[in-house]
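J.:
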Ligand SMILES: NC(=O)c1ccc[n+]([C@@H]2O[C@H](COP(=O)([O-])OP(=O)(O)OC[C@H]3O[C@@H](n4cnc5c(N)ncnc54)[C@H](OP(=O)(O)O)[C@@H]3O)[C@@H](O)[C@H]2O)c1
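In our numbering, the protein residues as written are 348 to 574.
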C-alpha cells in the first residue's frame, strides 16, 4: 500500500486531502499538533478502513520537526509521497511583526518542509522514488501589505522546491509546488478575500501529484487562481 505523509490535516485543505488520499487507497501518516480536530481526521479515515496514523509535533519547533520525521520513518518507513501542507499566517504590517511571529511563520511554512525533506531524502534517493508536493500560495508570486512574513516564507518555499527539483533530477523523484489562491478555509477568514475555490479543488490537485502525475512535472509550480 502506498504510504503518503501529510502535514496539517486537522482541517481545511490538509483534512480534505487526507480523506481523498484514503479514498484512493493510500495509507496516510498525519503530522501535526495534537488536537481533537486531528484525532477526528484519523477517526474518519479509520472508519473508512484507511490505515491512518497521527504523529504529533509543533512544526514551529525545529527540534520537534526533525524528531517527528524520524519517528515516522522508524515506525512506517520512508513515505512514497509527502504533502507539505501545514501553514500559518499571522497578518500584521511589517513594523508590527514581532521577531517571534516572523520566526513562527518561517518555521512552519519553510523550515519544516526543508527539514522533513532533508530527513527523508537520502532513502528516497537510494530507492530512486519519492513524490514531494509542497503547498505554496499565490502569495509565493506577489507581495501583500500586512502579510510580508507569510509572503516571504511562501516565496522562499518555491526557491527551495526549485532547488530540490534540480538536486533530485535524474534520480526518479519529483518535487512540485502547488500555489492556491483564495481557498474556503479558516485561514482565509479575516483576509478580506472571497473564496475562489474549495479545499476539495486543491486536495484533488495535491492527490494527483502525490499519486499519479508524470514525474516529468519535476520542478513544476502550479498556480491555481480559482474561478
Ligand atoms: N486558505 C487559503 O486561501 C490558502 C491560500 C493559499 C495557500 N494556502 C496554504 O494552504 C495550506 C493549508 O491551509 P488551510 O487554508 O487549509 O489553513 P487552515 O485551515 O488554517 O489549516 C492549517 C493547517 O496547518 C496546521 N498548522 C499550523 N501551524 C502548525 C504548527 N505550528 N505545527 C503543526 N501544524 C500546524 C494546522 O494545524 P493546527 O490544528 O495544529 O492549527 C492546520 O492543520 C497552508 O500551507 C496555506 O498557507 C491556503
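We treat Cβ as the ideally placed atom computed from N, Cα and C, and that holds for glycine.
Have a look at residue 465 and residue 376 and give me their C-alpha separation to the nearest angstrom.
T.: Their backbone Cα atoms lie some 18 Å apart in a straight line.
J.: Sorted by chain position, which residues of the same chain lie with C-beta nearer than 7 Å to residue 561's C-beta, five sequence neighbours on each side aside?
T.: If we look at residue 561 and ignore the five residues flanking it on each side, it has no Cβ neighbours.
J.: Taking 7 Å as the cut-off, is the beta-carbon of residue 484 closer than that to any non-hydrogen atom of ligand 1?
T.: For ligand 1, at least one heavy atom lies less than 7 Å from the Cβ of residue 484.
J.: Starting from residue 568, trace the beta strand (DSSP E) both ways and give me its first and last residue.
T.: From DSSP, the beta strand (DSSP E) with residue 568 extends over 568 to 571.
J.: Considering residue 403, what are the terminal residues of the beta strand (DSSP E) in which it resides?
T.: 399 to 403 is the extent of the beta strand (DSSP E) around residue 403.
J.: Secondary structure at residue 359, three-state DSSP: helix, strand or coil?
T.: Residue 359 falls in the helix class under three-state DSSP.
J.: Roughly how many angstroms separate the alpha carbons of residue 462 and residue 412, rounded to a whole number?
T.: Going by the C-alpha atoms only, they are around 7 Å apart.
J.: Got a sec? Which residues, its chain only, sit under 6 Å from residue 556 by beta carbon, not counting five neighbours each side?
T.: Taken in chain order, the residues that qualify are 480, 523.
J.: Can you say whether residue 386 is buried or exposed, counting buried as having 16 or more other CB atoms within 10 angstroms of its CB?
T.: Exposed is the call here.
J.: Identify whether residue 347 lies in helix, strand or coil by the three-state DSSP scheme.
T.: With the chain covering 348 to 574 only, the question about residue 347 has no answer from this structure.
J.: If contact is defined by three or more beta carbon pairs under 8 Å, each pair taking one atom from either stretch, is the segment 563 to 573 in contact with the segment 532 to 545?
T.: Because the criterion of three Cβ pairs below 8 Å is met, the segment 532 to 545 and the segment 563 to 573 touch.
J.: Name, in chain order, the residues that DSSP records as bridge partners for residue 367.
T.: In DSSP, residue 367 forms no bridge with anything.
J.: Given this structure, state the Cα-to-Cα distance separating residue 434 from residue 563, to the nearest angstrom.
T.: Straight-line Cα distance between these residues: approximately 27 Å.
J.: Determine the closest residue to residue 384 out of 366, 432, 493, 362, with distance taken between C-alpha atoms.
T.: Considering only alpha carbons, the answer is 362.
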